[in-house]
Each structure stands twice: as C-alpha cells, then as structure tokens.
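Going line by line, the protein sequences match chains A and B.
Mapping of the first sequence onto numbering that gives the first Met the number 0: position 201 corresponds to residue 200, and the numbering continues sequentially without gaps.
Mapping of the second sequence onto numbering that gives the first Met the number 0: position 25 corresponds to residue 24, and the numbering continues sequentially without gaps.
C-beta: ideal position from N, C-alpha, C; glycine also.
Bear in mind that the values here come from a model prediction, so they are computed numbers and not experimental data.
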Amino acid sequence: MNNYKIAAATIALCVSMSAGAADIGILNVDAPGIGFNDPTPATPVGGNAGNTVGEQRLIAYRRALDLWGATLKSDVPILVQGSFAGLNCTPTGGTLAQAGATFIFSDFPGAPLAGHWYGSAVADAISGMELAGAGLPDIVANFNGNIGQPNCIAGPGWYYGLDNNPATGQTDFLNVFMHEVAHGLGFQNFVNEATGATIQDMPDVYMANTLDLQFGELWNTTVFEPSGQTSLFIRISATNTGNVVWAGPNVSANAAQVLGDFQGIRVIGTLNQDIVFGTAGFGAPATPETFGGEIVIGDDGVNVGGDGCEPLVNDVAGKVALVDRGACAFTVKAKNAQDAGATAVIIANNQATGAIGLGGSDPTVTIAAISVSIEDGAAIKAASPGVSIEFYIDPTRLAGTNQNLVRLYAPAAVALGSSISHYDTVATPNLLMEPFINGDLRASSNLDLTPALMQDIGWNLETLKINSCDTGVANALANGDLFSVKVEACAAGATNHGKFVSCVSKAANDAKKAGLISGQQKGAITSCAAGN
Amino acid sequence: MNKSLLGFLATAGAMVIAPVAFADEAEIKSATAQDNADTVEISKDNAPAMSNSLRAVRDEKTGKLRAPNPAELRKMEEADDAASKARGAPSAAASAPVVKRHSDGMLSVELGPEYLMSLEGKRNDDGVIERSHDTELNETTVADDELPTE
C-alpha cells in the first residue's frame, strides 16, 4: 500500500484532473532501478515532463488512470497493480501488455444481477465496498518495458507522450493503456469461448449483454448446468460472425454519435443480394473507390473457376477477378489477379466457414481483396457472366452494427482473449476496444463507445467537475469525448479567467449544438467555469 | 431467422466435434477458509478448461453423435490444450480457480493469469508494430489458424 499512496500523492500535485474524480491508484510493484523506477535519462515529450524513463512511465500511467477516474464513478478506491518490467519477447514480436481483473464477485451487496460474476472494480463501485479487501488490487496492468531493445521488437519503443502523437514505429502507450485497463474495468467476460465453460457454471454481467441475433439468445440465458448445451451454444455463437452484438441500452443509444455510415458489398445484375465479406490484411482497403465492377471468374490455365495460384490467362483487365481459396497463399492469388490487370479480387472460401479474414503480407499487392463464403462464391459463379459487385455506403444504417446493435468481435475461429471481449473490427471509425489497437485512436480525449459499455455493466459515469464545482453532467459525452480534457485545454490556453470561461462556454455550446448535452447542462458547465 | 437453442442443437450438422456432457458431478472439496469465508474448490473435472469433459463427435456419414475414436480424442485434447495456451490458461494439471462462499451469500474468485488479456505485438517490414489481442501473433498451433493465409 505504501507504493500506492506515495505514487498517488506525487502525481496528484501535477495532474489537476484527479481532483474530485474516482480515485484510481497505482500499486507499483517494480523493483528499484527497473520499470517504473528506471533511472535512464529521458527527454520530456508530448506533455510528459518526466526526466527519466521511469518518471515518464509513471506520469503516463497516472495520466491514463486519471482519464478513467474522470470517466467512471466510484466512492471507493480502485487499485491497479502495475509494472513496467519485462514480458515475453523476441527481437521480432512479443507481449506488449497484459491486463485484467484480479478478482470476480457475485451476489455482493447491491449486485444488479444475482448469480452473475462481476469484475472486482465494478463490483467495488456498485457496492461501495472494497470487496477484495483494502490494499488488494482490483486490476492488473503490466506493460513490457523492454519494447524497442534489440532483444524485444527491436526499434522504436513506447511513446510516453500524453497527446497520442507517436513517431513512426512507436507504440502509443496512452492508447494501449486505456484499452487494456478497460478490460480490467469490465470490458471482459470470464467464459472460455473455446469450451463454453464458465467458472462455477455461472455467467457474468458481460455475457448478460452479449446477444446472438441469429439464435435470439443472450449468453446468460441458457441453462448453466453441466448439461453441455450451454457450452455448445457459446462455442457456436462465439464464431457466429456478424450476429453477436452488445445488447446493452447505453451502447445502442450512443452508437449513432460515434459510428459512421454502414458499409456493405452487394452483387447486382443476374444476381442481386448483399454479400457478407471478410477483409484482407494486405492490399488496399475495400472502399467504393477501390472495389467494384464486373466480376470475371479467374482462369489460371489449370482449372477454370479454380484457385488462381498460377498467372491468370483470361481477360480480367479492368474487372474484379473471382478465384477460389486453396492451394496457395491469398497474397499469391491477389498478385496474380493484379498482374492480369484486375482492379480487385474476390476469394471464395472452399470450406463452409463463412467469409473469413484474409491473412498474409505482400506490400506489392495494391488492389483490394475480400473473401466471400463458399455459398456466395457458388452463387456468383452460377449466375456469371452478368454479375457485378459494388461496395456501397448506406447512410440509414450504422457501420459495425447489426439490427442497430453494435457488433462484437466474433471471428470464424475463436481467438481466446480476443473473441467477444472486443467490438468488431467492422466498426467505422475505429473503436478503442477493437482487438487491433489502431493508430488513429485518440484515447487521450475520446473513449468512443467504451464508457457506454461500462454503464451497461453497472458503472455510473463520473460527472464533470471544474474547480471542485460539480456540473452534474457526465464527463464522458455520448460520443466518447471527455469534456474535462476540453476544460484542461481551455485552462492551458487562457491568459485570464474571462478567457477561460469563454473557452469553456464555447466548448459547451459546441456540445449542445452536436446534441451531446442539453441547454440546461450547458448552463451548468458555464456556471461552474465562471465560479458561480 | 431466429432459431431456438434446442432447435439449433438438434440440427447442428456443421459442428463436427462437440462436447455433449460434462463428467460426473463435480467433486467439491472443502478447503481452508480465509476471512471466515467458506471455501470450495472446483475440481479439475468442472474447471473451465473442460479437458476431462465427456466428448462426442458427429459422424460425418450418419450425422449422429458417437464416442470419438482415440485419434479424434487426441486431436480434440490437443486443440483444447492449444486453445488454453493461447489464452495463457494453465493446463489441466494446474490448480483450478478457488471459489469462496462468504457468509452473506457472496461468491468470490481470485483469478489466475489465464484471465489476463494479453496484447501481442510484432514489427512489420515497414517498421510499424502491429498490435493485436488476436493470438495469431502468438506462436501456437491455434494462433496459426486464427487468420488463415491460404
């Protein structure tokens, strides 16, 4: 506990955001001279004033905790055990971070759902008690302090600036931290999707909000007993791509403030239907500009309608080539189509596993590639020639949703630690809690749909406080913006109190115009800024 | 479009390998309590790894469930073991999570490292680190299957 108290007290002097917010403290478990205590000199960067590597790590870590503390409300301290010591690593790859809840509880005082597990932090916040006991951590969040060294993903390492502005090759610590600790705060289930097994045959609150639209079943409403049916349902649902969604009302209510227009692919001509597709990890992203046109079945001279593993011999120039999966790498097929002049390529699955994600890497592939299911591939072939395909944008629907509910990540093969406990990668713009932490995230000021999910599992949102004046307005707006960051920016840029009030008032007015706050809430914010 | 779960289970032809039942009723052991909490230990028979659950396979010819042959059973166990490793879960031989039953009815479990979300990274040829919770970045059997390349 001493470490936690010392660390919290030290940083409170230089980070004003922590005043009045939920108390999320650090339990620094690093030994002297390493991790958080690394004395290697460092140059202040991106708003991080630390002069040693250890100081910068601690400041960035503390800043991230303060951001979460200003987002979620808890009347009891939330303790995060942190380390920046080494994790498993090789020169080319390794573990960047590990995080999660340390304890789970069910049927605690005030538990909204009986017979459901809750992570320690949210259970503490709901009950107003330190259920695990004072001084025991609620969350573990360890980061690999060796990143960038010759033996651990050699090259640029962590970026400890507080502005989400890393140099090329660096990994933005703040984004990663906000993502990882969100898991510990509750963006996490406790079921093994590969087996369907839960602890004590009991579901958790995350499962209570996980809905399979195809089966019409929430993950917590099946019979949890050793019958085998529950585990089978979860195993199947976990890979039911596109049909597993978050059913909580707050995420659904805020989705329109965060997500862009729906993006889809459909075939027209002799076949008219929407196509479920998988994206590729190589080539150009599929967009209306990069993907579309007449479909031609690729002929590699070996087998018409075949696998495209040899150079294509038929005329696909200016067309979209369709080839089958199998026999060679996806990148080889895409490159053969590209070399033959195709503008894009469709790879039809040769197994009944849906529209899979296409892995692989070849920087010389520049055309867009997608996958379709074996069934859709067969339908296109049967209707060809005369089938065209187009990538379209539907402004009446939201990207990353199904039936207006936000999709969870459910790839065709279970990826433990990734499946379900993230939003789907089809969301646009990218979300903080997608499994791939994208470089365009701005977690220093916006948490998109993550606070809403926290509400759905039982958290209350922290209110915005300005100079100890409680505005009564949730600090996290419906679009994920943290208003406290705007206030901080106003405080940093204003030369006198009047300009500060004017700046905050303008920010509040902008939020009102965007439909994020009401006129009354705008007034409350302005009043607090003025010191009334 | 909605199917009932039972209806689905009756027609899950695409599911070739599936656990259909757990082992016998779990052995519940008493253990030393802390903080006056009653403590029970989940035996490995009903631990989440489920490695000892009864197994069945759907016969591709008849479509009916049957007991797996030794080769199929070995393949299933290998898959489970790989899946557990991918999440960092302990093997079946490792200790199972201990559930404490408190006097007020609350249950608690101290989670092991297998429940930590692990973020992996690898540096691409362009110098950018690709970050993902997907275990495709892990060097495991399961990882290789996560995002196929052909």
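Of all residues in the segment 94-123 of chain B, those with a C-beta nearer than 8 Å to a C-beta of chain A are P96, V98, D103, G104, M105, L106, S107, V108, E109, L110, P112, Y114, L115, M116, S117, L118, E119, G120, K121, R122, N123, reading in chain order. Here S102(B) is exposed, its C-beta having fewer than 16 other C-beta atoms within 10 Å. With a contact defined as Cβ atoms closer than 8 Å, H115(A) and M116(B) miss out at about 20 Å.
Nearest C-alpha to G514(A) among N27(A), G479(A), N459(A): G479(A). Counted as a single uninterrupted DSSP element, the beta strand (DSSP E) harbouring M116(B) occupies residues 116-122. Residue contact with chain B for V139(A): present (Cβ-Cβ distance below 9 Å to some residue of chain B). Inside the segment 414-457 of chain A, DSSP marks whole alpha helix (DSSP H) runs of 4 or more residues at positions 449-455, from first to last along the chain. Of the residues S360(A), N87(A), Y205(A), L26(A), the one whose Cα lies closest to the Cα of C151(A) is N87(A). Cβ-Cβ distances below 6 Å link F214(A) to nothing in the same chain once the five nearest sequence neighbours on each side are left out. Relative to the Cα of G416(A), the nearest Cα in the group A100(A), D393(A), V472(A), Y159(A) belongs to A100(A). Beta-bridge analysis with DSSP links N459(A) to K72(A). DSSP places N27(A) in the uninterrupted beta strand (DSSP E) bounded by 23-27.
In the structure shown, N164(A) adopts coil according to DSSP, grouped into three states. Three or more pairs of CB atoms, one per stretch, sit closer than 8 Å, so the segment 169-187 of chain A contacts the segment 113-133 of chain A.
Cβ neighbours of L106(B) within its own chain (closer than 8 Å, five residues either side excluded): V98, K99, R100. The three-state reading of DSSP puts N141(A) in strand, counting E and B together. If you draw a straight line from the Cα of T42(A) to the Cα of N474(A), it is about 32 Å long.
In the DSSP assignment, F482(A) falls within the alpha helix (DSSP H) that extends over 482-492. Looking at the backbone, the Cα of G305(A) and that of N349(A) are separated by about 10 Å. Under the Cβ distance rule, F189(A) counts among the residues neighbouring chain B, one pair being separated by less than 9 Å.
At the C-beta level, G93(A) and G111(B) stay beyond 9 Å of one another. Here D74(A) is exposed. Its C-beta has fewer than 16 other C-beta atoms within 10 Å.
Per the coordinates, the alpha-carbon of N445(A) lies some 48 Å from the alpha-carbon of D298(A). Short of 8 Å from the beta carbon of V301(A), and not among the five residues preceding or following it, lie these beta carbons of its own chain, in chain order: C308, E309. In this structure, P31(A) sits away from T51(A), with a CB-CB distance that is not shorter than 9 Å. Ranked by Cα distance from M128(A), the first of P108(A), V472(A), L112(A) is P108(A).
Apart from sequence neighbours up to five positions away, the residues of its chain that approach V180(A) with a beta-carbon distance below 8 Å are A63, L64, W67, V79, A98, I138, A140, ordered along the chain. Segment contact: the segment 376-388 of chain A against the segment 357-368 of chain A, fewer than three CB-CB distances shorter than 8 Å; contact not assigned. Residue environment for I267(A): exposed (fewer than 16 other C-beta atoms within 10 angstroms of its C-beta).
Excluding sequence positions up to five before and after D106(A), its CB lies within less than 8 Å of the CB of A113, G114, all in the same chain and listed in chain order.
Annotation: K521(A) to E288(A) spans about 41 Å, alpha carbon to alpha carbon. Along the segment 156-182 of chain A, the positions whose C-beta sits under 7 Å from a C-beta of chain B are T167, G168, T170, V175, E179, H182, read in chain order. Under the rule that a run must span 3 or more residues, the beta strand (DSSP E) segments found entirely inside the segment 302-358 of chain A read 319-323, 343-347.
Distance from I456(A) to N208(A) at the Cβ level is roughly 7 Å; contact confirmed, criterion being Cβ atoms closer than 8 Å. Take the alpha-carbon of L476(A) and the one of L161(A): they are about 20 Å apart.
The beta carbon of C527(A) sits closer than 6 Å to the beta carbons of I465, C468, T470 from its chain, once the five residues preceding and following it are set aside; these are given in chain order.
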